[in-house]
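The opening residue of the sequence shown carries number 158 in our numbering; numbering runs sequentially from there. In this text, a Cβ means the ideal position worked out from N, Cα and C, and glycines have one as well.
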Amino acid sequence: MIKKAKLLDIAEALGISTGTVHRALHNHAGVSSVTKARVQQMAKTLGYRPNLAARYLSSKRTLRVSVNTLKGTTSFWDEVRAGISEEARALVMENIEIEYRTYPRLGEGEEEAFEAALKAGVDGIITFPSRPQSLQAWMRRASRGGIPVVCVATDAPNTGRLAVVSIDTLASGSLAADLMGHFLSGEGTVAVTLSSVAITEHSEKYKGFASTLSGLYPKMKVLEPLEDHDIETVCYEKSRELFKNHPELAGIYVTTEASIPVLNAARDAHVLDKVIFITTDLFPALVPEIRSQAVAATIYQRPRTQGRRAFRVLHEFLVEGECPSFQVTLAPHLVMRGNLDFFLQRQTLESTPQRAVGVPSDSPEMIDYFG
158 MIKKAKLLDI AEALGISTGT VHRALHNHAG VSSVTKARVQ QMAKTLGYRP
208 NLAARYLSSK RTLRVSVNTL KGTTSFWDEV RAGISEEARA LVMENIEIEY
258 RTYPRLGEGE EEAFEAALKA GVDGIITFPS RPQSLQAWMR RASRGGIPVV
308 CVATDAPNTG RLAVVSIDTL ASGSLAADLM GHFLSGEGTV AVTLSSVAIT
358 EHSEKYKGFA STLSGLYPKM KVLEPLEDHD IETVCYEKSR ELFKNHPELA
408 GIYVTTEASI PVLNAARDAH VLDKVIFITT DLFPALVPEI RSQAVAATIY
458 QRPRTQGRRA FRVLHEFLVE GECPSFQVTL APHLVMRGNL DFFLQRQTLE
508 STPQRAVGVP SDSPEMIDYF G
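Here you go:
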């Protein structure tokens, strides 16, 4: 049986948003004639036929989506939420309401946010399940009630969730390991920091890192992971203790956004120039650390793209009744001093797409690279 082409198929084939495809196919404003022609040609090539029933239903009712995410200590979660908001706004002809339920830290307020979303009668939920086991009953309840749940940034297996959108965690860990081994010439003791081994994303990064390091650099030693539970003071104190107990430490891979407390601890312990640091994500406070080479490299998790894709998958299911993919895995991007300005420029363009001169927000060249 031939699979029916959908808006998402056209969007992914061209490297543009589903909102742009929607506007191009329905002759709405905000799309260049070149893009419109490309969309129409791709629709013809893929054999796209509009779902008239779905279009009618979506035009007559308001879709309510709850976004349950962590507040975070850097801009990562702000970027995820921005991506969700941008994708929702791109669907200018549809009635969509986004309800944000943000919890302060790991394990605090997460169940309450999910319960509140169910009581509010939302049509779908996008969530970061930092404690999959504690959310399992709630997510299964949502599934039984016909409320689709899309996980973002990390997965919650065996919970009845509809789909997951995340970075390739094993690839991230493996990339960090190969870089670390190269920087240290295949010898030395290294550490890994994470929020909690209970979080699928973090445990997979550690496994990927440890496995690749032992396979490619057998002379290197990986310590047991350091858990900071997403609390900056805990991260700082545990890092200071790590430097004190392991004077031989040669490198640290920070798997989360909590790299600044680790760097501050290293600076206060006078070992900043003696340890190789590979971090995660890209945010303002990390930029000078990369420029000064205190941080050798950072693994960028493309948070805005994760948010966009999560909303696309959920919206496709709510409107079309089908899920385009149950697992969307994005390739991580490596940022170092040499290409730092390139990524910073792109972040600026993403945050102010209408002000970007000469680079439209749906530029396929840019979205193919970052998207």
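Sequence-distant Cβ neighbours of T311 in its own chain, meaning closer than 7 Å and more than five residues away, are F285, P286, S323, I356, T357, E358. If you ignore the 5 residues before and after F400, its C-beta comes within less than 6 Å of the C-beta of A426, V428, all in its own chain and listed in chain order. With a threshold of 16 other beta carbon atoms within 10 Å, S329 meets it and is buried. CA-CA distance, F474 to A422, rounds to 46 Å.
Between the alpha carbons of L263 and D387 lies a gap of roughly 7 Å. Annotation for I167: the continuous alpha helix (DSSP H) segment containing it runs 164-171.
The criterion of a C-beta distance shorter than 7 Å is satisfied by F366 and A334. For Q484, the three-state secondary structure derived from DSSP is strand.
In this chain, the beta strand (DSSP E) harbouring E256 covers 253-260. Secondary structure at E267: helix, using DSSP grouped into helix, strand and coil. Per DSSP, the unbroken alpha helix (DSSP H) holding G464 starts and ends at 460-477.
Within a 10 Å sphere around the beta-carbon of G338 sit 16 or more other beta-carbons, which makes this residue buried. The region 302-321 makes contact with the region 275-282: 3 or more CB pairs, one atom from each, lie closer than 8 Å. Within the same chain, Cβ atoms closer than 8 Å to the Cβ of P489 are found at I324, D325, A328, S329, L332, I456, Y457, Q458, R459, the five residues on either side in sequence being excluded. S416 is positioned such that its CB atom lies closer than 7 Å to that of T436. If you look at N421, you'll find it in the alpha helix (DSSP H) that goes 417-425. Between V411 and T350, the gap from beta carbon to beta carbon is short of 7 Å. Less than 7 Å separates the beta-carbon of V178 from that of V196. Counting along the chain, no alpha helix (DSSP H) covers T316, and no H or E run does either.
If one requires a minimum length of 3 residues, the beta strand (DSSP E) runs lying completely within the region 363-389 are 377-379, in chain order. Linking R424 to R448 through their CA atoms gives a straight-line distance of about 16 Å. Between the region 165-173 and the region 224-239 there are fewer than three C-beta pairs closer than 8 Å, too few to call the two in contact. Assigned with DSSP and collapsed to three states, A245 falls in helix. Spatial neighbours of A451 in its own chain (CB-CB distance under 7 Å, excluding positions within 5 residues in sequence) are listed in chain order as L420, L429, F434.
Collapsing the DSSP output to three states places F434 in a strand. The region 291-308 and the region 338-347 do not touch, with fewer than 3 CB-CB distances between them shorter than 8 Å. In the DSSP assignment, A454 falls outside any alpha helix (DSSP H) and lies within the beta strand (DSSP E) extending over 454-457.
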